[in-house]
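Read left to right, the sequence shown gives residues -8 to 140 (the numbering used here).
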Amino acid sequence: MISGIGPKDHLQDMGIPVIHDLRVGDNLQDHVGMAGLTFLVDKPVSIVQNRLQPVKVTTEYVFRQNGPMTTLGGVEGLAFINTKFANSSGLYPDIQFHMAPASINSDQGLQVRKVLGITDYNYDQIWRPISQRGRSLSSSTTWAKIFEL
């Protein structure tokens, strides 16, 4: 919001020049950040390529230079973090963060979850919002805390 994109009245109250009046922060929904399970198997396995790269997606990239294949695997950055619960050697982080331009529910769970083989039951149990509320600024400075509405 400090960029000037947000609710006009709120931005003006904070002394921020309004670039675009948009209801930013009104419908923030907190979700569990789990995108799947990771485990070891004792049999050779392979990726089902037609689920991950359908002809339509490839065609869109080849002819229009558009779509999911224009990103680096859909992940722009990642981090492995050791929390206090990690393996005591420190060699095995217990949390991995993915910084991605989309998430498992970006398309309301229509395609991405199917590509990953996530069932309706698991999707509905894990990716439903934990909470739903608004957010607003406490000041116009970059490091200001956000108020929960």
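Think of the CB as a built atom: it goes at the ideal place given N, C-alpha and C, for glycine as much as any other residue. Quantities reported herein were computed from a predicted structural model and do not represent experimental measurements.
Item, Value
"Among residues of its own chain, excluding the 5 on either side of residue 69, which ones have a beta-carbon nearer than 7 Å to its beta-carbon?", "87, 88, 89, 90"
"Using the rule of at least 16 other Cβ atoms within 10 Å of the residue's Cβ for burial, across every protein chain shown, is residue 104 buried or exposed?", "buried"
"Mapping DSSP to helix, strand and coil, what is residue 30?", "Its pLDDT being 49, under 50, residue 30 is placed unreliably by the model, and the measurement read from it follows with that caveat. Coil, per DSSP."
"Which residues in the same chain have their Cβ closer than 6 Å to the Cβ of residue 6, if we skip the five residues on either side of it in sequence?", "131"
"Taking residue 11 as the reference, which of 82, 57, -6 has the closest Cα?", "-6"
"Identify, in the order they occur along the chain, each residue of the same chain with its Cβ nearer than 6 Å to the Cβ of residue 72, setting aside the five sequence neighbours on each side.", "84, 86"
"What residue range is occupied by the uninterrupted beta strand (DSSP E) comprising residue 72?", "68 to 72"
"Does DSSP put residue 54 in a helix, a strand or coil?", "helix"
"Could you give the first and the last residue of the continuous alpha helix (DSSP H) run that contains residue 101?", "Run containing residue 101: none; DSSP gives neither H nor E here."
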